[in-house]
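First residue of the sequence shown? That's 1 in UniProt numbering, and the numbers climb one at a time after it. Ideal Cβ positions, reconstructed from N, Cα and C, are used throughout, including at glycine. Remember, predicted model here, so these are calculated numbers, not experimental data. Worksheet: one structure, shown below.
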Amino acid sequence: MTRLLSTTFRSIKPHSQLPKSPSIRLPSSSPSSSNSNPSPSVVSKQPNWSVYLILSTNPPIKTYVGVTTNFSRRLKQHNGELKGGAKASQAGRPWICACLIRGFESKSEACKFEFKWKNISRKMGRKRNSKDEGGLYLLQHRNAALEKVKGSTDCNHLEFDWKLQPI
Numbered sequence: 001m002t003r004l005l006s007t008t009f010r011s012i013k014p015h016s017q018l019p020k021s022p023s024i025r026l027p028s029s030s031p032s033s034s035n036s037n038p039s040p041s042v043v044s045k046q047p048n049w050s051v052y053l054i055l056s057t058n059p060p061i062k063t064y065v066g067v068t069t070n071f072s073r074r075l076k077q078h079n080g081e082l083k084g085g086a087k088a089s090q091a092g093r094p095w096i097c098a099c100l101i102r103g104f105e106s107k108s109e110a111c112k113f114e115f116k117w118k119n120i121s122r123k124m125g126r127k128r129n130s131k132d133e134g135g136l137y138l139l140q141h142r143n144a145a146l147e148k149v150k151g152s153t154d155c156n157h158l159e160f161d162w163k164l165q166p167i
């Protein structure tokens, strides 16, 4: 005699028979509702995506490029104050903000920009200056890569905020 496994090993997870109601209500198709403004439940604020460049303050000096919607929280994660920082940023703590680029309309757009910046930065030749003081050379290298990204991408809607000048 064979028995179904589901009868022998019952699930302890309660199964709800009622489907969950959608969190966003769609406007009805009646003509009277077409003239009214959308309710607050229909209009959802999209997160503002940013791409950032941070610089380590402990030798060896490094840079890190990432994407986030909340830069202050993300910087605390990188510095170990909150859980969730990238493994690559554990060495070199504490980190400081070098550049913050705001105005990306979607996560996809921000991630594409981040990928281009990192990729161009890796492929560019590096000339090590023996007189380099701290991370100035690294910032100049990242800035040169950023200028190439700007040349190949529409950046008119973006706000570039350099906290440390890569002169």
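Given residue i as reference, the closest of the options once Cα atoms are compared
i    : options                : result
C56  : G135, L4, Q165, T2     : With the sequence shown as reference, residue 56 is identified as Ser, and Cys is not the correct amino acid for it. Cα-wise, what sits closest to S56 is G135.
K112 : I61, C155, G84         : C155
A145 : E159, M124, L158, H157 : M124
E109 : N48, R3, T8, L4        : N48
H157 : G80, H78, R122, F104   : F104
K118 : T63, A86, Q90          : T63
N79  : P94, K87, A86, A88     : P94
Nonlocal neighbours in the same chain, by C-beta distance under 8 Å from residue i, ignoring five residues either side
i           : result
residue 168 : Outside the displayed range of the chain (1 to 167) lies residue 168, so it cannot be described from this structure.
D161        : C99, L100, I101, R102
F71         : S50, Y52, C97, L100
P60         : G92
E114        : V51, V65, G66, V67
T7          : none
E159        : I101, R102, G103
R126        : H141
Opposing strand residues paired with residue i [DSSP bridges]
i    : result
I54  : Y64, C97
F104 : W49
For residue i, the first and last residue of its enclosing beta strand (DSSP E)
i    : result
E159 : 159-162
Own chain partners of residue i with C-beta closer than 6 Å, once the 5 adjacent residues on each side are dropped
i    : result
P166 : L139, Q140, N143
K107 : W49
S30  : Because the pLDDT of S30 is 45, which lies under 50, any placement of that residue in the model is unreliable, and the number read from its coordinates should be weighed accordingly. Excluding sequence neighbours, S30 sits near nothing in its chain.
beta-carbon residue i near the ligand MN non-hydrogen atom, thresh 8 Å
i   : result
Q77 : Absence of the ligand MN is noted for the structure shown, with no ligands found whatsoever.
Residues near residue i in its chain [Cβ-Cβ closer than 7 Å; skip 5 each side]
i    : result
L164 : L55, A98, L139
K76  : L82
N58  : G92, R93
Span of the alpha helix (DSSP H), counted from its first residue to its last, around residue i
i    : result
Q77  : 71-78
G151 : 136-152
Meets three-Cβ-pair contact criterion under 8 Å: the stretch 149-163 and the stretch 62-71: Short answer: they don't touch.
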